[in-house]
Amino acid sequence: MLDGRTPLHVFERGTVTGVRYRDEILEPYVRLFRGAVGPEFILMGDRALLVDEFLKSEDIRRMDWPARSPDLNPIQHVWDALRRAIATRNPPPRTIQEMKTTLLNEWDQLPQEMINCLTSSMKSRCKAWLKKDSRSSNPSMKKARNTIEMKSYIIAKYESDIEIAELVRMCEKSPYTISSISQIEP
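Structure (structure tokens):
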């Protein structure tokens, strides 16, 4: 099934609006991935009203995900591997088109085994995070803890057949915003 990831999507110039996000990510990728996974599909992503409306219309469950929590965002390790691969290019990309081509090529060269290893670690990552941060009185930490408990319950309940997808973004300061969906398996 999709070999565990979609093609890398590069937003060409301009702002990524809710409409653009829906048209370029949700409809072509999320809808396809949801169809392949089935009714247990859960999306962790954007909170824009348009996104929520789309997910509701497609009967896709949505879950908040703790921001700035690298332990719970294994895709950050994938982005780091992509950045390191690009940094070793000699000569480095010099134009926007060269950067786009390099990103797409390096994305295709990332080992699927690395992605599988990271995504298969989600259950243990959730458990470790709950153990470490469960005592926090910070309201956002409590909300994140509830989210992780819910996700852990879903993973435990559907361990044999659930797959969870995560929309991610990268390179916010570049002329591109890069997104992909990475398959998350318990």
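In terms of the working numbering, the sequence shown is residues 64 to 249. Backbone N, C-alpha and C define an ideal beta-carbon position, used for all residues, glycine too.
Going by C-alpha distance, which of the options is nearest residue i?
| i | options | result |
| --- | --- | --- |
| residue 143 | 124, 173, 156, 155 | 173 |
| residue 97 | 112, 86, 118 | 118 |
| residue 146 | 80, 93, 95, 170 | 170 |
| residue 114 | 89, 189, 99, 192 | 89 |
| residue 139 | 178, 77, 94 | 178 |
| residue 81 | 116, 124, 99, 176 | 116 |
| residue 93 | 76, 77, 120 | 120 |
How long is the line joining the alpha carbons of residue i and residue j, rounded to whole angstroms?
| i | j | result |
| --- | --- | --- |
| residue 220 | residue 110 | Since pLDDT at residue 220 reaches only 37, below the 50 mark, its modelled position is unreliable, and no value is offered. |
| residue 91 | residue 153 | 34 Å |
| residue 160 | residue 84 | 21 Å |
| residue 167 | residue 71 | 6 Å |
| residue 122 | residue 69 | 21 Å |
| residue 164 | residue 79 | 20 Å |
| residue 150 | residue 158 | 15 Å |
| residue 180 | residue 141 | 11 Å |
By DSSP, does residue i sit in helix, in strand, or in coil?
| i | result |
| --- | --- |
| residue 124 | strand |
| residue 301 | Only positions 64 to 249 of the chain appear in the structure, and residue 301 is not among them; the question remains open. |
| residue 85 | helix |
| residue 110 | coil |
| residue 147 | helix |
| residue 152 | coil |
| residue 68 | strand |
| residue 181 | helix |
| residue 136 | coil |
| residue 173 | coil |
| residue 79 | coil |
| residue 213 | Note on residue 213: pLDDT 45, under 50, position unreliable in the model; the coordinate value appears next. It is helical. |
Answer with yes or no whether the minimum CB distance from residue i to chain D is below 7 Å.
| i | result |
| --- | --- |
| residue 111 | The chain labelled as chain D is not found in the depicted structure, where only one protein chain is given. |
Quick one: residues in its chain with C-beta nearer than 6 Å to the C-beta of residue i, no 5 flanking neighbours on either side, listed in chain order?
| i | result |
| --- | --- |
| residue 162 | 156 |
Give me, in chain order, the residues of the same chain whose beta-carbon lies closer than 8 Å to that of residue i; leave out the 5 immediate sequence neighbours on both sides.
| i | result |
| --- | --- |
| residue 148 | 169, 172, 173 |
| residue 112 | 81 |
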